[in-house]
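**Student:** Residues in the sequence shown are numbered from 129 upward in steps of one, following this note's numbering. Where a beta carbon is used, it is the ideal one built from N, C-alpha and C, also for glycine.
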Amino acid sequence: MRTLNLGILAHVDAGKTSLTERLLYVAGVIDEVGSVDAGSTQTDSLALERQRGITIRSAVVAFTVGDTAVNLIDTPGHPDFIAEVERVLNVLDGAVLVVSAVEGVQAQTRVLMRTLRRLRIPTLVFVNKLDRAGADLDAVLEQLATRLTPRIVPLGAAERQGTKDAAFRPFTADDDGFGARLVDVLADGDDALLADFVDDPAGLSHRRLLRSLALQSRRADVHPVFAGSAITGAGVDELTAGIVRLLPSTPEPDGDAAGPPAGTVFKVERGPAGEKIAYVRMVTGTLRTRDRLAAGKVTALSVFDGGGARPRAEVTAGWIAKVWGLTGVRIGDSLGEPTGGGAEHHFAPPTLETVVVPRRARDRGALHEALAQLAEQDPLIDLRQDDLRQEVSVSLYGEVQKEVVQATLAAEYGIDVDFRKSTTICVERVTGSGEAVELIKQDGNPFLAGVGLRVEPAAEREGVTFELAIELGSLPPAFLRAIDETVRETLREGLHGWDVPDCRVTLTRSQYWPRQSHAHATFDKSMSSTAGDFRLLTPLVLMTALRRAGTRVHEPIHRFELELPADCLGQVLPALARLRGVPGTPAPTASGYLLAGDLPAAHAHELQQQLPALTRGEGVLETRFDRYAPVAGPPPDRPRTDHDPLHRDEYLLRVVRRV
Ligand SMILES: Nc1nc2c(ncn2[C@@H]2O[C@H](COP(=O)(O)OP(=O)(O)OP(=O)(O)O)[C@@H](O)[C@H]2O)c(=O)[nH]1
Ligand SMILES: [Mg+2]
Numbered sequence: 129m130r131t132l133n134l135g136i137l138a139h140v141d142a143g144k145t146s147l148t149e150r151l152l153y154v155a156g157v158i159d160e161v162g163s164v165d166a167g168s169t170q171t172d173s174l175a176l177e178r179q180r181g182i183t184i185r186s187a188v189v190a191f192t193v194g195d196t197a198v199n200l201i202d203t204p205g206h207p208d209f210i211a212e213v214e215r216v217l218n219v220l221d222g223a224v225l226v227v228s229a230v231e232g233v234q235a236q237t238r239v240l241m242r243t244l245r246r247l248r249i250p251t252l253v254f255v256n257k258l259d260r261a262g263a264d265l266d267a268v269l270e271q272l273a274t275r276l277t278p279r280i281v282p283l284g285a286a287e288r289q290g291t292k293d294a295a296f297r298p299f300t301a302d303d304d305g306f307g308a309r310l311v312d313v314l315a316d317g318d319d320a321l322l323a324d325f326v327d328d329p330a331g332l333s334h335r336r337l338l339r340s341l342a343l344q345s346r347r348a349d350v351h352p353v354f355a356g357s358a359i360t361g362a363g364v365d366e367l368t369a370g371i372v373r374l375l376p377s378t379p380e381p382d383g384d385a386a387g388p389p390a391g392t393v394f395k396v397e398r399g400p401a402g403e404k405i406a407y408v409r410m411v412t413g414t415l416r417t418r419d420r421l422a423a424g425k426v427t428a429l430s431v432f433d434g435g436g437a438r439p440r441a442e443v444t445a446g447w448i449a450k451v452w453g454l455t456g457v458r459i460g461d462s463l464g465e466p467t468g469g470g471a472e473h474h475f476a477p478p479t480l481e482t483v484v485v486p487r488r489a490r491d492r493g494a495l496h497e498a499l500a501q502l503a504e505q506d507p508l509i510d511l512r513q514d515d516l517r518q519e520v521s522v523s524l525y526g527e528v529q530k531e532v533v534q535a536t537l538a539a540e541y542g543i544d545v546d547f548r549k550s551t552t553i554c555v556e557r558v559t560g561s562g563e564a565v566e567l568i569k570q571d572g573n574p575f576l577a578g579v580g581l582r583v584e585p586a587a588e589r590e591g592v593t594f595e596l597a598i599e600l601g602s603l604p605p606a607f608l609r610a611i612d613e614t615v616r617e618t619l620r621e622g623l624h625g626w627d628v629p630d631c632r633v634t635l636t637r638s639q640y641w642p643r644q645s646h647a648h649a650t651f652d653k654s655m656s657s658t659a660g661d662f663r664l665l666t667p668l669v670l671m672t673a674l675r676r677a678g679t680r681v682h683e684p685i686h687r688f689e690l691e692l693p694a695d696c697l698g699q700v701l702p703a704l705a706r707l708r709g710v711p712g713t714p715a716p717t718a719s720g721y722l723l724a725g726d727l728p729a730a731h732a733h734e735l736q737q738q739l740p741a742l743t744r745g746e747g748v749l750e751t752r753f754d755r756y757a758p759v760a761g762p763p764p765d766r767p768r769t770d771h772d773p774l775h776r777d778e779y780l781l782r783v784v785r786r787v
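1. Curious, which full-length alpha helix (DSSP H) runs of at least 4 residues does the stretch 362 to 441 contain?
2. Should threonine 717 be labelled buried (16 or more other beta-carbon atoms within 10 Å of its own) or exposed?
3. Rounded to the nearest angstrom, what separates glutamate 149 and proline 478 at their Cα positions?
4. Relative to the C-alpha of glutamine 639, which residue among Asp612, Gly578, Glu588 and Cys554 is closest?
5. Among residues of its own chain, excluding the 5 on either side of threonine 769, which ones have a beta-carbon nearer than 8 Å to its beta-carbon?
6. Leaving out five residues before and five after valine 700 in sequence, what residues of the same chain have Cβ atoms less than 8 Å from its Cβ?
7. Hey, how far is the Cα of glycine 469 from the Cα of aspartate 461?
8. Between glutamate 214 and the rest of its own chain, which residues show a CB-CB distance below 7 Å, the 5 nearest in sequence each way excluded?
9. Mind checking glycine 720: buried by the 16 CB within 10 Å criterion, or exposed?
10. Buried or exposed for glycine 143, going by 16 or more other Cβ atoms inside 10 Å?
11. Leucine 749 by DSSP, collapsed to three states: which one?
12. Give the straight-line distance between the Cα atoms of glycine 156 and phenylalanine 299, rounded to the nearest whole angstrom.
13. Tell me where the alpha helix (DSSP H) around phenylalanine 209 begins and ends.
14. Out of Arg260, Val230, Ser228 and Val216, which has the shortest C-alpha to C-alpha gap to threonine 243?
15. Near alanine 535, what residues of its chain come up, given a Cβ to Cβ distance below 8 Å and the 5 sequence neighbours on each side ignored?
16. According to DSSP, simplified to helix, strand and coil, what is glutamate 497?
17. Evaluate contact between the stretch 653 to 663 and the stretch 773 to 783, counting only Cβ atoms and requiring at least three cross-stretch pairs below 8 Å.
18. Looking at the C-beta of glycine 135, does it have a partner C-beta in chain B at a distance below 8 Å?
19. How many angstroms separate the CA atom of serine 550 from the CA atom of leucine 537?
20. Just to confirm, is the Cβ distance from serine 357 to leucine 258 under 8 Å?
21. Kindly provide the chain-ordered list of residues whose Cβ lies closer than 5 Å to any non-hydrogen atom of ligand 3.
22. Jot down the residue ranges of each uninterrupted beta strand (DSSP E) in the stretch 568 to 611, minimum 3 residues, whole runs only, in chain order.
23. Taking just the CA atoms, how far does aspartate 571 sit from threonine 467?
24. Throw me the rounded Cβ distance for the leucine 674 and leucine 623 pair, which I believe falls under 8 Å.
25. Does the beta-carbon distance from glycine 464 to alanine 390 come in below 8 Å?
26. Does the beta-carbon of valine 140, which I'm using as the reference point, lie nearer than 7 Å to any heavy atom of ligand 1?
27. Assuming serine 345 contacts threonine 196 under a Cβ cut-off of 8 Å, what Cβ separation, rounded to an integer in Å, is found between them?
28. Using 10 angstroms around the beta-carbon of aspartate 382, count the other beta-carbons present and answer buried if the total reaches 16, otherwise exposed.
29. The beta strand (DSSP E) spanning phenylalanine 662 covers which residue range?
30. Check this for me: beta carbons of glutamate 595 and arginine 637, under 8 Å apart or not?
31. Is leucine 524 helix, strand or coil when you go by DSSP?
32. Output needed for proline 400: all residues of its chain with C-beta closer than 6 Å, excluding positions within five of it in sequence on either side, in chain order.
33. Are the stretch 484 to 501 and the stretch 221 to 238 touching by the rule of at least three beta carbon pairs closer than 8 Å?
34. With 16 as the cutoff for other CB atoms within 10 Å, does leucine 600 come out buried or exposed?
35. What is the DSSP secondary structure of aspartate 165, reduced to helix, strand or coil?
36. Alpha carbon to alpha carbon, how far is valine 431 from valine 628? Give it in angstroms, no decimals.
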């Protein structure tokens with residue numbers, strides 16, 4: 129059996145879940161097509177998804193076409209749940225990008241396609257909803273080519289679109305112009321094809337063109353386009369055939385699957401008894417029950433089978449498995465051998481933060497526990513415990529995600545919560561260079577550790593780097609590791625309490641007292657340095673260096689696109705200015721204006737709320753994170769969550785008392 133791990137991605141409501149249902153039906157997995165609107169689909173299985181008719185978590189189902197086992201991952205389209213898509217991207221062999229034939233290319237369509245192309249994930253496009261009034265395949269094809277990529281290959285035409293009898297008619301060799309269009313796109317990525325075409329244009333067989341199409345599609349060089357309807361089933365047979373013919377799959381390993389198991393964990397959930405279940409995409413080797421891994425011992429394995437899962441004793445490369453027993457596992461982990469996957473983020477981070485307050489004070493402990501479990505399934509909510517104020521806060525993408533967190537806490541944990549007003553999450557960027565040093569027994573340094581650090585700015589997205597300007601080997605590795613880890617932890621709260629995402633830190637000095645090993649003396653903590661000494665001293669030195677280097681607070685800025693009726697411009701512009709928006713020149717459209725520009729993330733939600741009143745309900749706003757920019761005026765401070773290494777005396781008092 130070959131395996132193919134397929135993601136279904138799209139803007140919200142384009143029809144991913146409906147299409148998933150239809151693919152399962154066509155493959156014979158289900159006898160009846162469930163409906164999103166009736167809350168009866170295989171993949172929208174959470175109570176909350178069924179109530180709201182939107183997908184919140186990605187879900188895996190499986191079907192078989194010929195000798196290929198397809199694991200299909202249905203993802204959420206709402207931008208608040210983009211993190212779910214992100215986690216899945218690392219495990220896909222291919223994707224189907226769904227676009228509505230009525231709405232066409234939308235904001236999230238562009239974000240997703242850009243990412244799929246950057247990661248070179250082979251992607252087919254399915255233009256859905258051909259049956260709906262207003263469907264216009266040609267217009268959508270034009271948008272795909274101009275707004276996504278010219279490297280698309282439409283494989284058929286729409287008939288009777290806009291009616292319930294809408295159909296997708298695949299092109300054949302006899303279709304006028306189809307061959308020419310194929311040559312046009314394919315010759316770019318196939319030199320031999322180009323040469324033969326130049327030699328003898330009439331001599332290229334249609335089969336040769338289709339072979340080149342499959343090859344280039346599997347390499348993510350071109351994107352075949354299908355069309356149809358998830359509701360009526362039109363075009364879904366052709367799409368099914370295209371999935372196995374035009375996307376790459378993993379062949380069954382022949383014998384040498386004996387290597388150590390390696391795989392990527394892309395989802396973690398809790399079973400009915402609270403047991404942790406990891407979803408792993410196997411990359412090499414074989415994983416068996418009773419295998420011992422760093423994260424725990426495998427107690428059970430299963431692979432996907434239709435809407436359910438089937439127990440297995442072992443799984444090999446290419447398969448997605450549910451794995452029980454790995455108590456220490458986290459999303460994004462590589463199991464076994466490192467698989468090269470890191471925590472690289474493909475999409476923008478959450479830009480909102482909110483304090484979660486239990487309605488009943490006695491729920492405080494349980495709330496923390498519950499949020500910690502949610503953070504296990506969704507690490508980007510980045511639980512933050514403020515020890516001083518006894519509060520917890522979470523990072524969020526938007527108001528819908530907030531409602532989902534609230535509803536989940538109520539339904540699954542019986543905890544009713546309210547949220548404080550959301551605030552934007554800023555970052556601090558280092559502006560200059562600064563150094564500090566603390567040596568043993570000098571200037572009241574109470575630790576048996578000496579550390580000198582230099583802090584310098586780093587380029588955006590460079591991350592925190594830790595380098596050595598001391599001789600390698602002059603400090604035991606355990607101490608080096610302690611400094612390195614503490615540097616990264618400390619930089620999560622900069623001078624104003626915000627994360628410092630990019631920064632170069634250099635270790636310029638180091639000092640330690642070796643383990644005492646005189647004739648009768650055993651290890652004596654008062655005379656020998658420990659990793660703990662380095663962990664406690666490093667924040668002090670680092671924050672002093674950071675203060676000398678200086679930081680500037682940056683806030684998240686969204687890019688917005690706003691379509692509005694012509695006569696509303698006069699009201700919209702001043703409203704934008706009040707929200708610190710910076711619009712470009714209004715571009716006239718058929719029905720009014722298109723206004724694009726920048727808007728602080730802090731005000732994106734407000735603009736959305738004011739929009740109906742400003743535009744008689746006709747305005748359409750799309751916003752997405754674009755970049756961080758310096759905050760004008762006094763920088764906002766974020767409360768610190770722990771002992772404050774900026775104030776040396778207080779820090780020492782707290783830390784020393786604790787030790
Ligand atoms: N007429 C018509 N309606 C469709 C079609 N596909 C989906 N719909 C409807 O569109 C709505 C959204 O469908 P979903 O399948 O939930 O869309 P989705 O992309 O999974 O949505 P999210 O997961 O929330 O992003 C539902 O009301 C569907 O019934 C189609 O081909 N034709
Ligand atoms: Mg869905």
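**Tutor:** On the basis of the coordinates in this document:
1. 364 to 374
2. Flag for threonine 717 reads exposed.
3. Proline 478 has its alpha-carbon roughly 30 Å from the corresponding atom of glutamate 149.
4. Relative to glutamine 639, the option among Asp612, Gly578, Glu588 and Cys554 whose CA is nearest is Gly578.
5. Arg512, Gln513, Asp514, Asp515, Leu516 and Glu621
6. Leu690, Leu692, Leu723, Leu742, Thr743 and Gly747
7. Here the model assigns glycine 469 a pLDDT of 43, short of 50, so the residue's position is not dependable, and the following value carries that caveat. Whole-angstrom Cα-Cα distance: 8 Å.
8. In its chain, beyond the 5 residues on either side, His473, His474 and Phe475 have a beta carbon closer than 7 Å to the beta carbon of glutamate 214.
9. buried
10. buried
11. strand
12. Glycine 156 and phenylalanine 299 have their C-alpha atoms spaced approximately 26 Å apart.
13. Note, phenylalanine 209: premise wrong, no alpha helix (DSSP H); not H, not E.
14. Val216
15. Leu176
16. helix
17. no
18. Going by chain labels, chain B is absent from the structure shown, which holds only one protein chain.
19. 18 Å
20. yes
21. Looking for ligand 3 in the displayed structure turns up nothing; the ligands present are ligand 1 and ligand 2.
22. 577 to 584 and 592 to 596
23. Since pLDDT at threonine 467 reaches only 46, below the 50 mark, its modelled position is unreliable, and the value read off the structure follows with that caveat. Approximately 47 Å between the Cα atoms of the pair.
24. Indeed they touch by this definition, with Cβ atoms about 6 Å apart.
25. yes
26. Answer for valine 140: yes, Cβ within range of ligand 1.
27. With a Cβ gap of about 15 Å, serine 345 and threonine 196 do not count as contacting.
28. With fewer than 16 Cβ atoms within 10 Å of its Cβ, aspartate 382 is classed as exposed.
29. Here phenylalanine 662 belongs to no beta strand (DSSP E); instead the alpha helix (DSSP H) covers 659 to 677.
30. Taking C-beta atoms as the reference points, glutamate 595 and arginine 637 fail to come closer than 8 Å.
31. Looking at leucine 524 - three-state DSSP - the assignment turns out to be strand.
32. none
33. Judged by Cβ distances under 8 Å, the stretch 484 to 501 makes no contact with the stretch 221 to 238, as fewer than three pairs qualify.
34. exposed
35. Assignment of aspartate 165 by DSSP, reduced to helix, strand and coil, places it in the coil class.
36. 41 Å
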